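Worksheet: one structure, shown below.
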Amino acid sequence: MNRAFVEVGALAVLGLAVLGLWVRSRRSTIESDGGYPTREGLALELGRLRERLVHYLTTTDHRDIGLLYIYFGTVAALWGGVDAMMLRTELLTPPADIWTPETYNALFTTHGLTMLIFFVVPVFFGIGNYVLPLLIGADDMAFPRLNAIGFWLLPPSLLLVRGGLFVQVAGQLLSRLAPWVDAAFFFTLREVSVGWTLYAPLSVRSQNPQLDLLLLGLHLSGIATTVGAINFIATVIYERADGVHWGNLDIFSWNMLVTSALALFAFPLLGAALVMLLLDRNLGTTFFTGDGGGPLLWQHLFWFWGHPEVYILFLPATGLLSTILPKFVGRKLFGYRFIVYSTLGLGVLSFSVWAHHMFTTGIDPRIRASFMAISIAIAVPSAIKVFNWLTTMWDGDIRLSAPFILSAGAIGTFIIGGVTGVFLAVIPVDILYHGTYYVVGHFHLIVVGIIPFLMMAAGYYWYPLITGRWYDRRLAQFQSVLLVFGSTVTFTTMLVVGGLGLPRRQAIYPPEFQVAQQLATVGAYVIGLAVLLWLYNMVASYWRGQPVRTTDPWELKATGQFTREWQWFEDRLVAQYDMEPAEPESTRRSYAPEAEPTSLLGGAVGSVGRTVSRNAALGVVGGLVGTVLMTGGLGTAALVGVLDPASFGELATLVGLPASPLLGAALFLVGGTVTWPLLFLTFQEYLPGRLLFETGLTFATLISTGFVIAFYTGQSGLELLGYIGFVLVAHWAYGLGLTVTFQYLRRRNVEVVDG
0 MNRAFVEVGA
10 LAVLGLAVLG
20 LWVRSRRSTI
30 ESDGGYPTRE
40 GLALELGRLR
50 ERLVHYLTTT
60 DHRDIGLLYI
70 YFGTVAALWG
80 GVDAMMLRTE
90 LLTPPADIWT
100 PETYNALFTT
110 HGLTMLIFFV
120 VPVFFGIGNY
130 VLPLLIGADD
140 MAFPRLNAIG
150 FWLLPPSLLL
160 VRGGLFVQVA
170 GQLLSRLAPW
180 VDAAFFFTLR
190 EVSVGWTLYA
200 PLSVRSQNPQ
210 LDLLLLGLHL
220 SGIATTVGAI
230 NFIATVIYER
240 ADGVHWGNLD
250 IFSWNMLVTS
260 ALALFAFPLL
270 GAALVMLLLD
280 RNLGTTFFTG
290 DGGGPLLWQH
300 LFWFWGHPEV
310 YILFLPATGL
320 LSTILPKFVG
330 RKLFGYRFIV
340 YSTLGLGVLS
350 FSVWAHHMFT
360 TGIDPRIRAS
370 FMAISIAIAV
380 PSAIKVFNWL
390 TTMWDGDIRL
400 SAPFILSAGA
410 IGTFIIGGVT
420 GVFLAVIPVD
430 ILYHGTYYVV
440 GHFHLIVVGI
450 IPFLMMAAGY
460 YWYPLITGRW
470 YDRRLAQFQS
480 VLLVFGSTVT
490 FTTMLVVGGL
500 GLPRRQAIYP
510 PEFQVAQQLA
520 TVGAYVIGLA
530 VLLWLYNMVA
540 SYWRGQPVRT
550 TDPWELKATG
560 QFTREWQWFE
570 DRLVAQYDME
580 PAEPESTRRS
590 YAPEAEPTSL
600 LGGAVGSVGR
610 TVSRNAALGV
620 VGGLVGTVLM
630 TGGLGTAALV
640 GVLDPASFGE
650 LATLVGLPAS
660 PLLGAALFLV
670 GGTVTWPLLF
680 LTFQEYLPGR
690 LLFETGLTFA
700 TLISTGFVIA
710 FYTGQSGLEL
720 LGYIGFVLVA
730 HWAYGLGLTV
740 TFQYLRRRNV
750 EVVDG
């Protein structure tokens, strides 16, 4: 099958579909009363299009530039999405019977580069361009003309990177329609197939001239990103309104500031590495050859850009989540200051973990150990964000709108993707799974599971502000659920097959994985359908959506969250349409959870922050008592021979320590003392049991199942029954020790406070 024709055809169908929506939406202007197009109507509509085109080509207004970024990023997303659908279609069957392995590699290369470089960053820069000046009370970006230049560098850079596809189609059409014409020139440019990481020496030795154009296009896009980053930094620092200071700067602006700082340091380095690669390919230098700097130098330079790039993609999404989520739960954001600190921490640490992508390259073990430690530590700031988001939703007045569904779904997928990333930060685990679909599942649960989710959530949330119209809200809810479902199915399936050892980046795979690959492909098709529904909703509603008839479309005044951009929207409606400012029928307190005077567990006093820390400390003491009691049961099981103590050694290997049963047992004791009590305190309200000790027994039973599976060493018959029985009794002892101790200490603590 001809890949070039299929891909260009798919893009043409998408373009024609959007054009058809436009024509259908503008029929009232173009057609006469009889339903036929009129010359006057067509001329009027074409004149409007010409005016809009000239306006967008010459504008320096931050809102127009923001929309251009979003339009461009959406086109790039659809293009990269077509690549992804073609990849997943090939993987429906084990052999490479739809595309050749060479074509599969080309699709893999262009999908990665298109999505990471030309989709995510432009869309977030577009959202930032539109709303950030409104959020901080600025009239425009600090450098409006530079802002326009930053955008207009992107379309030619995308054409340089991916223009080979159109050249191929032109050559094939020419050879078929005019066979007497020599079309050999058109076949010299082929889609690059060396992988999106462009690893040397393959990228140095490739004879495809399209690779040189790709490197130039990436360099040009890096210049555009750097220009945009400088503009955001200057705008946030110097263009804030008088009442906006660092203590009340909104979270999205904080995240765009840190993102821009990362881009300012990361992208110039990528540009330098790309120039060195170009010189190696064309002038015979030896930066990345065996007799010079070596191929490993490219990996160091690439990932020194690549891992901060992950946070350049990720941080704006977390800023949007922290901005949008509180509006739909009726609560102010919990822990504003700590979320800001976690964002700054991620920005600093992101430059210190690049070598965890290189654990399998044979670098010095001492260097690997240091990068492992920092890679594990970088999970802490992200965990802070997750706990703050969950606490923000705690006991909130949730509105099940499309923005909320996408925000809540993003938290769930991010938790799974983040936890699996912690496993990959451990050297022996990474060495085992580095070349498998486990990495693909982890990565996509982040970049698909939170980034597009929050882009769409932001689109839904600010759609009335941008267009003055409503979208189809029922369709938006359905599309949001569909997107979360498709993403979960696709990428958790990849985690499973990756855990079973299925290699990634291969067009051909063993037949025993076919069902799982088909399941992942069906999930990918569901994602594609959800994206098309979103696109239809956005485009059709732009012309046919119901006009917004209130200055407070999301009823934010009722909870005191009517922020600056909505105040700007209200002022515009009042000035243009003489609308009355909306006033809520009733107001309700939108308190920050840390200021709430009640506790999470009841019976304690003081703020939630103090209560949580006190309960955590009491839980740790209870966990210590429970662990001591459980040790007796497990020790007895080991003495009678139904539990093998050597199985604890595997725990030590998971964190890079020697396979020592003593070290593993120590880690197990630490987990029983600290981790399990905190999990119990978090989820105890959702576990069955009227009394606390009954809930503790339920919790202990649940965690005992994990122990039975993890430490099973082949027992059978009566030995297996004894193993299960001792484990269950030992965990019940743990649950009783934990809950009884916790309840006793908490009661004593309350008596002391009351006294």
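The opening position of the sequence shown corresponds to residue 0 in numbering that gives the first Met the number 0, with each subsequent residue numbered one higher. In this text, a Cβ means the ideal position worked out from N, Cα and C, and glycines have one as well. Given the structure is predicted, the values throughout are model-derived calculations rather than measurements.
- Beyond the five residues adjoining it in sequence on each side, P552 comes within less than 7 Å, by CB distance, of P463 in the same chain, given in chain order.
- Of the residues L494, R204, P325, the one whose Cα lies closest to the Cα of H441 is L494.
- A direct Cα-to-Cα measurement between Y310 and S259 gives close to 11 Å.
- Residue pairing for R468: DSSP places it in a beta bridge opposite P546.
- Contact check for Q560 and K326: beta-carbon distance about 6 Å, within the 8 Å limit, so the pair qualifies.
- Setting aside the 5 residues that flank it on each side, G434 is surrounded in the same chain by P502, R503, each with a C-beta closer than 7 Å to its C-beta; the list follows chain order.
- By the Cβ-count criterion, Q575 is exposed, with fewer than 16 other Cβ atoms from all chains shown falling within 10 Å of its own Cβ.
- Around the C-beta of W565, 16 or more other C-beta atoms lie within 10 Å, and the residue is accordingly described as buried.
- Taking each of L115, N128, P657, T359 in turn and checking the Cα distance to W195, the smallest one comes out for L115.
- Contact annotation: the region 717 to 731 touches the region 635 to 648, with at least three C-beta pairs closer than 8 Å.
- According to DSSP, T435 shares a beta bridge with P502.
- In the DSSP annotation of this structure, V639 is not part of any alpha helix (DSSP H), being labelled neither H nor E.
- Leaving aside the five residues that flank F313 on each side, none in its chain has a CB nearer than 6 Å to its CB.
- Between the region 473 to 489 and the region 523 to 535 there are three or more inter-stretch CB-CB distances shorter than 8 Å, so the stretches are counted as touching.
- A distance below 8 Å separates the beta carbons of L650 and G663.
- Counting C-beta pairs with one atom in each stretch, the region 322 to 336 and the region 267 to 274 have fewer than three that are closer than 8 Å, which means they do not touch.
- For H218, the secondary structure class from DSSP, reduced to helix, strand or coil, is helix.
- Shown here, V7 sits in a helix according to DSSP, grouped into three states.
- Contiguous alpha helix (DSSP H) elements confined to the region 655 to 689 occur at 660 to 669, 675 to 682, taking only those with 4 or more residues.
- Contact between L159 and L67 fails: their C-beta atoms lie close to 19 Å from each other, not under 8 Å.
- By the beta-carbon neighbour count (other beta carbons within 10 angstroms, threshold 16), L56 is exposed.
- Of the residues P132, L173, H356, the one whose Cα lies closest to the Cα of A240 is P132.
- Looking from the CA of G65, the closest CA among F231, A42, A183, P200 belongs to F231.
- Close CB contacts of F264 within its chain, under the 8 Å cut and outside five residues either way in sequence, are with P307, F350 (chain order).
- In the DSSP assignment, Q575 falls within the alpha helix (DSSP H) that extends over 563 to 576.
- Going by beta carbons, V5 and M84 fall outside the 8 Å limit.
- Pairing T58 with A147, the inter-Cα distance amounts to about 7 Å.
- In the structure shown, F287 falls within a coil segment according to DSSP collapsed to helix, strand and coil.
- Under the three-state reduction of DSSP, P294 is assigned to helix.
- Taking each of V193, W302, R472 in turn and checking the Cα distance to R398, the smallest one comes out for R472.
- Per DSSP, reduced to three states, the secondary structure at P208 is coil, with no helix or strand assignment.
- The straight-line gap separating the alpha-carbon atoms of G497 and V418 is approximately 15 Å.
- Following the DSSP letters along the chain, one finds D279 inside the alpha helix (DSSP H) bounded by residues 250 to 282.
- One alpha carbon belongs to W675, the other to I465, and they sit about 47 Å apart.
- Between G170 and F184, the alpha-carbon positions lie close to 8 Å from each other.
- With contacts defined by Cβ atoms closer than 8 Å, Y733 and A699 form a contacting pair.
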